[in-house]
Amino acid sequence: MGIDLGTCNTLVSVRGQGIVLNEPSVVAVRKGTNQVLYNGQAVGWVAKDMLGKTPGAITAIRPLKDGVISDFEITEAMLTYFIRKANGNRRLIAPRVVVSVPSGITAVEKRAVFDSAGRAGARRTFLCEEPLAAAIGAGLPVTEPTASMVVDIGGGTSEVAILSLGDIAVCESLRVAGDYMDNAIINHMKRTYNLMIGEQTAERIKVDIGSAAPIGEERTMEVRGRDMISGLPRKTVITAEEIREALQDPVNQITECIARTLERTEPELAADLVESGIVLCGGGALLRGLSIAIQNATGLPVRVADDPLTCVARGTCILLDNIELLKQSLESDLDG
Ligand code: ADP
Ligand code: MG
Numbered sequence: 077m078g079i080d081l082g083t084c085n086t087l088v089s090v091r092g093q094g095i096v097l098n099e100p101s102v103v104a105v106r107k108g109t110n111q112v113l114y115n116g117q118a119v120g121w122v123a124k125d126m127l128g129k130t131p132g133a134i135t136a137i138r139p140l141k142d143g144v145i146s147d148f149e150i151t152e153a154m155l156t157y158f159i160r161k162a163n164g165n166r167r168l169i170a171p172r173v174v175v176s177v178p179s180g181i182t183a184v185e186k187r188a189v190f191d192s193a194g195r196a197g198a199r200r201t202f203l204c205e206e207p208l209a210a211a212i213g214a215g216l217p218v219t220e221p222t223a224s225m226v227v228d229i230g231g232g233t234s235e236v237a238i239l240s241l242g243d244i245a246v247c248e249s250l251r252v253a254g255d256y257m258d259n260a261i262i263n264h265m266k267r268t269y270n271l272m273i274g275e276q277t278a279e280r281i282k283v284d285i286g287s288a289a290p291i292g293e294e295r296t297m298e299v300r301g302r303d304m305i306s307g308l309p310r311k312t313v314i315t316a317e318e319i320r321e322a323l324q325d326p327v328n329q330i331t332e333c334i335a336r337t338l339e340r341t342e343p344e345l346a347a348d349l350v351e352s353g354i355v356l357c358g359g360g361a362l363l364r365g366l367s368i369a370i371q372n373a374t375g376l377p378v379r380v381a382d383d384p385l386t387c388v389a390r391g392t393c394i395l396l397d398n399i400e401l402l403k404q405s406l407e408s409d410l411d412g
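Under my numbering, the first residue of the sequence shown is numbered 77, with each subsequent residue one higher.
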C-alpha cells in the first residue's frame, strides 16, 4: 500500500486497485487533550465536517498543516485509522507500506511516522520524500541521467524539486500553498468589503473563480459572510479579477521559490530543463492560469500533470514495485 500523507488530504493506493482511500488529513479531538473523538474514529471526512463548526469542547485539527507534525499522537491516530480503513480492518494481513512525507519534516518526525505505520500494522515500512513520489506519479523519467523538475503545490506547503538518476538533486519547501491562498482571499474580503468569511468559503472562491493569470472568461460570484462593523450576516458580489489580484502575492512567492531552486541547480541539469520543463502537481496546480504565470516567470515550458491530486499516491504505489531500484534513497531516508 502506498500512502500520501498530505497536509490537506491523505490518499492510499493499493497495487492493482488504484486509490482506495482519499480523505482530509483532519482529526477531531476533545479540546486540550489528544483524545480522538468517537473512540479514535473522528478522522478524515467525519472530522472535516466538524471543522469550523465545532462546539466549545471539541476541536478539529490538521496535524500536518504546516508541513511539520504538530502532534505525534494525533498524527499516529490519523495514520492508524487510514491504514486500517484502507486495509479493510484486517489486522493480520499486515501490508508493506510506502509513506510519502513532506520533505520539510525532521528526522524525529520521520521516525514517528515510521513507527506509527509499524504499530498500525504495516509489515515493512519505507518512507520516501514527497517530490520523488510526485515526480514518479507524474510519469517523469526520474531514474534517467537527465533532469526532471516537479512543483507540488499542496495545502500547507509547496515542494519544488529537480531530480535526476532516481534522486533529488535540489529541493526547496515553501510554506506558501493552498491555505496561504485561502488566507489571502480572507484578507482581501476584510480589507475591501469589511466582510469576514470562513476558510471553507475562501477555498470555494479560489476553486470557483480564482486564477493566477487572465484566462478569458471573467466570472463573478456571490459571497456571504459577517459584516465586521455591524456584526450581521451580509452578502456581496466579487469578481475573478480582484481575486486574481489577491492571489498575486502567493503566486509570486511560488514563482520566486522556483527561480531560487533553478539558480541552485548545476548548469548541466539546468540545461536539460530547457527541453523537459516543469511539471505541476498537487491541488494547487489546478488553480487556473498557474502554469502560464510560471511559464512567464521562468521562460521554461510548464504543464500540469494528469490528475494532479493523486500523483503522489500513485507514485508511492509505483515505488512499492520498484523498491529494489530505489531502495538506496528510501533506506537513507530511514537513517536520516
Ligand atoms: P496536500 O498534499 O498538502 O494534502 P493537496 O495536493 O491535496 O494538498 O491539495 C490541496 C490544496 O489544493 C487545497 O489548498 C485546495 O484548496 C487546493 N485545490 C484543490 N482543488 C483546487 C482548484 N481547482 N483550484 C485551486 N486550488 C485547488
Ligand atoms: Mg501532497
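Cβ coordinates follow ideal geometry from the N, Cα and C atoms, glycine included.
TODO: State the Cα-Cα distance for the pair residue 211 and residue 391, rounded to the nearest angstrom.
DONE: Each residue's alpha carbon lies about 7 Å from the other.
TODO: Return the residue from the list 215, 216, 245 and 318 that minimises the CA-CA distance to residue 261.
DONE: In this structure, 318 is the residue among 215, 216, 245 and 318 with its C-alpha nearest to the C-alpha of residue 261.
TODO: Return yes when the Cβ of residue 355 is within less than 9 Å of the Cβ of residue 225, no when it is not.
DONE: In this structure, residue 355 lies closer than 9 Å to residue 225 by Cβ.
- [ ] Evaluate residue 326 with the Cβ neighbour count: other Cβ atoms within 10 Å of its Cβ, from every protein chain shown; 16 or more gives buried, anything less gives exposed.
- [x] Under this definition residue 326 is a buried residue.
TODO: Please indicate yes or no: does the CB of residue 206 lie closer than 8 Å to some heavy atom of the ligand MG?
DONE: Yes.
- [ ] Measure the beta-carbon distance from residue 274 to residue 82 and round it to whole angstroms, keeping in mind my assumption that it falls under 8 Å.
- [x] Contact between residue 274 and residue 82 does not hold, since the beta-carbon distance rounds to 21 Å and is not under 8 Å.
Task: Distance cut-off 8 Å: residue 84 Cβ against heavy atoms of the ligand MG - done: A heavy atom of the ligand MG is found nearer than 8 Å to the CB of residue 84.
- [ ] Measure how close the beta-carbons of residue 232 and residue 253 come, nearest whole angstrom, since I'm counting them as under 8 Å.
- [x] Yes, they are in contact, since the Cβ atoms of residue 232 and residue 253 sit about 6 Å apart, within 8 Å.
Task: Top-ranked residue by Cα proximity to residue 369, from 389, 320 and 341 - done: Taking each of 389, 320 and 341 in turn and checking the Cα distance to residue 369, the smallest one comes out for 320.
Task: From 366, 193 and 298, residue whose alpha carbon lies closest to that of residue 156 - done: With distances taken between Cα atoms, residue 156 lies closest to 193.
- [ ] With hydrogens ignored, establish whether the beta-carbon of residue 282 is closer than 8 Å to any heavy atom of the ligand ADP.
- [x] True, at least one ligand heavy atom lies under 8 Å from that Cβ.
Task: Among 397, 387, 398 and 396, the one whose alpha carbon lies nearest that of residue 215 - done: When each option's Cα is compared against that of residue 215, the closest is 387.
Task: Which residues DSSP lists as bridging residue 202, in chain order - done: 174.
Open item on the list: Let me make sure I understand the geometry here. Which of 158, 132, 302 and 148 has the alpha-carbon closest to that of residue 98?
Closed with: Closest in C-alpha terms to residue 98, from the list 158, 132, 302 and 148, comes 158.
Open item on the list: Tell me the DSSP secondary structure of residue 279 in three-state form.
Closed with: Residue 279 falls in the helix class under three-state DSSP.
Open item on the list: Give me, in chain order, the residues of the same chain whose beta-carbon lies closer than 7 Å to that of residue 171; leave out the 5 immediate sequence neighbours on both sides.
Closed with: Within the same chain, residue 171 has close Cβ partners 77, 163, 198 and 199.
- [ ] Taking residue 365 as the reference, give the member of 383, 398 and 283 with the closest Cα.
- [x] Out of 383, 398 and 283, 283 has the C-alpha closest to the C-alpha of residue 365.
TODO: Could you check which residue in 245, 376 and 315 has the C-alpha nearest to that of residue 351?
DONE: Checking every option, the nearest Cα to that of residue 351 belongs to 376.
Open item on the list: Below 8 Å, is the gap between the Cβ of residue 348 and the nearest heavy atom of the ligand MG?
Closed with: No, Cβ of residue 348 sits at least 8 Å from all heavy atoms of the ligand MG.
Open item on the list: Is any non-hydrogen atom of the ligand MG found closer than 8 Å to the C-beta of residue 391, if you look at the structure I gave you?
Closed with: Checking every heavy atom of the ligand MG against the Cβ of residue 391, none is found closer than 8 Å.
Task: Nonlocal neighbours in the same chain, by C-beta distance under 6 Å from residue 116, ignoring five residues either side - done: Cβ within range, chain order: 153.
Task: Counterpart residues of residue 239 in DSSP-defined beta bridges - done: Partner(s): 224 and 244.
Task: residue 77, DSSP secondary structure in three states - done: The answer is coil: DSSP assigns residue 77 none of H, G, I, E or B.
TODO: With a 10 Å radius around its C-beta and 16 neighbouring C-beta atoms as the bar for buried, classify residue 145 as buried or exposed.
DONE: With 16 or more other Cβ atoms from the protein chains shown falling within 10 Å of its own Cβ, residue 145 counts as buried.
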